[in-house]
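Some notes on the structure that comes next.
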C-alpha cells in the first residue's frame, strides 16, 4: 500500500511540476517539486528505494522534457543516492537539515544540468541567479514535504508492525 501511495503521489508531483510550477516562476526560477520529493524519499527510505525512485522520476521527466533520454534520470538518481549516503552519516532528523539538503541538491543538480546542456546540446543555460532562486524555493518547499513524508513513513511503519 505504501508503494501505491508513493506512485500516486509522484504522479501528482510530476503533473504539478510540469503544469503549475512554471507558472510560479519568481525571478527566472521555479521550484523543482519532483527533486524535493525525491530528496525526501532519500532521507526516509533505504538505498534501493532511493535509487529506484530517483531513476523512475528522472526517467519520466526525461520523457516529458529531454530530446535525449537519461540525463535527468542519472542526475536525480545520483543526487538522491548522495543525499541518502550523507544522511546516514549526519544523523539529524530535523527540518533544517532537510532544507539544507534541498538547497545543496538543487544547486548541484542545476550546475550539472547546465554543464551537460552546454556540452551535449550546445545550449547556454543561465546558471547562478536562477539556480539560487530555485534552490531557495526548493528549500522552502522542503518544509511541508519533509513533514508529509515523515508522517507517511511513520503511519505505514506502524501499520506494518501491527
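Numbering (this note's numbering), first residue to last: 40 to 201.
We put the CB at the ideal spot given by N, CA and C, even for glycine.
In the DSSP secondary-structure assignment, residue 68 is bridged to 65. Boundaries of the alpha helix (DSSP H) harbouring residue 53: 41-58, taken from the DSSP string. When only Cα atoms are considered, residue 52 and residue 143 end up about 21 Å apart. A buried status is given to residue 149, since no fewer than 16 other beta-carbon atoms sit within 10 Å of its beta-carbon. Runs of the alpha helix (DSSP H) spanning 4 or more residues and lying entirely within the segment 78-115 occur at 86-104, in chain order. With fewer than 16 other CB atoms across the displayed protein chains lying within 10 angstroms of its CB, residue 133 is exposed. Here DSSP, grouped into helix, strand and coil, assigns residue 150 to helix. Here DSSP, grouped into helix, strand and coil, assigns residue 131 to coil. The beta carbon of residue 122 sits closer than 6 Å to those of 78, 81, 140, 144, all from its chain and outside the five residues before and after it, given in chain order. Between residue 70 and residue 176 a beta carbon distance of about 4 Å is seen, short of the 8 Å cut, so the two are scored as contacting.
In this structure, DSSP gives residue 161 a state outside helix and strand, which the three-state scheme calls coil.
Here the alpha carbons of residue 56 and residue 192 stand approximately 23 Å from one another. Taken atom to atom, the span from the alpha-carbon of residue 182 to that of residue 152 is near 24 Å. Each of 124, 88, 110 was checked against the Cα of residue 41, and the nearest Cα belongs to 88. When the five nearest sequence neighbours on each side are left out, the beta carbons in the same chain lying within less than 7 Å of the beta carbon of residue 137 are those of 82, 181, 185, in order along the chain.
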